[in-house]
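Enquirer: In the UniProt record's numbering, the protein residues as written are 1 to 341. Quick reminder that beta carbons are idealized off the backbone N, C-alpha and C, glycines included.
#1: If you measure between the beta carbons of residue 158 and residue 112, is that distance less than 8 Å?
#2: Should residue 321 go down as buried or exposed, given a rule of 16 or more other Cβ atoms within 10 Å for buried?
#3: What do you get for residue 87, buried or exposed, if any count of 16 or more other CB atoms within 10 angstroms of its CB means buried?
#4: Ignoring anything shorter than 4 residues, give me the alpha helix (DSSP H) runs that lie fully in the segment 110–140, in order along the chain.
#5: Tell me whether residue 185 is buried or exposed, calling it buried when 16 or more other Cβ atoms sit within 10 Å of its Cβ.
#6: Should residue 23 be labelled buried (16 or more other beta-carbon atoms within 10 Å of its own) or exposed?
#7: With distances taken Cα to Cα, identify the nearest neighbour of residue 289 among 70, 192 and 310.
#8: According to DSSP, simplified to helix, strand and coil, what is residue 176?
#9: For residue 91, is the classification buried or exposed, using 16 other Cβ atoms within 10 angstroms of its Cβ as the cut-off for buried?
#10: Starting from residue 284, follow the alpha helix (DSSP H) in both directions and report where the run begins and ends.
#11: May I ask you to report which of helix, strand or coil DSSP gives residue 144?
#12: Is the beta carbon of residue 6 less than 8 Å from the beta carbon of residue 317?
#13: What does DSSP give as the partner residues of residue 57 in its beta bridges?
#14: Take every Cβ of the segment 118–135, pair it with every Cβ of the segment 60–74, and state whether three or more of those distances are shorter than 8 Å.
#15: So what's residue 255 in DSSP terms, helix, strand or just coil?
#16: My output table needs one value for residue 188: the three-state DSSP class, helix, strand or coil.
#17: Kindly indicate which three-state DSSP category residue 86 falls into: helix, strand or coil?
#18: Compare the C-alpha of residue 96 against each of 232, 179 and 156 and name the closest.
#19: Which same chain residues, not among the five before or five after residue 11, have their C-beta less than 8 Å away from its C-beta?
#20: Does DSSP classify residue 339 as helix, strand or coil?
#21: The beta strand (DSSP E) with residue 232 in it runs from where to where?
#22: Going by the beta-carbon positions, is the gap between residue 187 and residue 48 smaller than 8 Å?
#23: Return the CA-CA distance between residue 251 and residue 265, expressed in angstroms with no decimal places.
#24: If we count the other Cβ atoms within 10 Å of its Cβ and call it buried at 16 or more, is residue 217 buried or exposed?
#25: How many angstroms separate the CA atom of residue 286 from the CA atom of residue 292?
#26: Nearest to residue 109 by CA position, among 34, 237 and 93, is which residue?
#27: On a CA-only basis, which of 29, 34 and 129 is nearest residue 51? Give me that one, please.
#28: Considering only residues of the same chain and omitting the five flanking positions on each side of residue 339, which have a CB-CB separation below 6 Å?
#29: Name the DSSP beta bridge partners of residue 52, please?
#30: For residue 123 versus residue 84, is the C-beta spacing smaller than 8 Å?
#31: Quick one, are the C-beta atoms of residue 329 and residue 268 less than 8 Å apart?
#32: What separation, rounded to the nearest whole angstrom, lies between the Cα atoms of residue 1 and residue 296?
#33: Please state whether DSSP places residue 42 in a helix, a strand or coil.
#34: Quick one: what's got a C-beta closer than 6 Å to residue 80's C-beta in the same chain, skipping five residues either side?
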């Protein structure tokens, strides 16, 4: 079962992780763009024909109060850190197009839009009043919409997005994401030289290294799993060897009762074959269920059933066990001499 789990993790987890990223997903993030630089910076990117996101102003702040209560007292579970650290906050004229509004609408000049998971963790509802501390200023906002964010799209996303009337006067640097190709390397070097204060996070090499690291981890687990299977086979072989004398006595009794050598051989193969098939089926179900739980609860990916595994693994288990017990079955069929009794 362990080998099946490793194989499913390699095929499902790595492939699904890659497939969840859109083909045009941004792979570079520019941060700390000064307000007086943002227009020139974006125009140079646009002239190069690079696909980019909207530029968002970034402010650091904390969620302090919810309806007059301490925000940390409103946590219903430990799934969010929105009240335990400073957050990246922003404002926008309208909600990002890659965010889906689940309830409410954008329009109040004193409004703030909340990400759905944070709203659930803090038990926030439309009309709730939130107080933020940004640059030592208290900002009061009313929840006007709750939206779903797809974090895997690799675009700038935020827990809270304010209406511009609330925080537009608070200074903040800008952030933008875009997709780079190999042909853009020279341009990016020139752009970085022209804007030395802008920090560029290029995640192209980082993504490759992460994938290589995951593959190395999977291969390491595979080696350990193979060693575990070999140890298990040796254990089965040893147990069968230890019980061979008792099984020979049973076979002699069968022969005394008139069973032929062919009948005894068929019975032994059916016994071990049925044991292998049952073990293979249990391993298939266990591996499929384990990987499905890992994908659903650990990585928020859609699990799927693998019927080919349910067919191949029992047969493979039977073949492996047959190779192990073949010589033992032949030895069991050797008649026991009376002197050995």
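Expert: With the structure as the only source:
#1: no
#2: The Cβ neighbour count for residue 321, taken over all protein chains shown within 10 Å, is at least 16; the residue is labelled buried.
#3: buried
#4: 116–121
#5: exposed
#6: exposed
#7: 310
#8: strand
#9: buried
#10: 261–293
#11: strand
#12: For residue 6 and residue 317, no; Cβs fall outside 8 Å.
#13: Among the bridge pairs identified by DSSP, residue 57 is matched with 174.
#14: In this structure the segment 118–135 touches the segment 60–74; the number of beta carbon pairs closer than 8 Å is three or more.
#15: helix
#16: The three-state secondary structure of residue 188, taken from DSSP, is helix.
#17: coil
#18: 156
#19: Close CB contacts of residue 11 within its chain, under the 8 Å cut and outside five residues either way in sequence, are absent.
#20: Interpretation of residue 339 is limited by its pLDDT of 43, a score under 50 that renders its predicted location unreliable; no figure is taken from the coordinates.
#21: Not the beta strand (DSSP E): residue 232 falls in the alpha helix (DSSP H), residues 204–242.
#22: yes
#23: 10 Å
#24: Counting Cβ neighbours within 10 Å, residue 217 comes out exposed, since fewer than 16 surround it.
#25: 10 Å
#26: 93
#27: 29
#28: With a pLDDT of 43 at residue 339, under the threshold of 50, the modelled position of this residue cannot be trusted, and the question is left open.
#29: Partner(s): 178.
#30: no
#31: yes
#32: Rounded to the nearest angstrom, the two C-alpha atoms are 19 Å apart.
#33: helix
#34: 118 and 121
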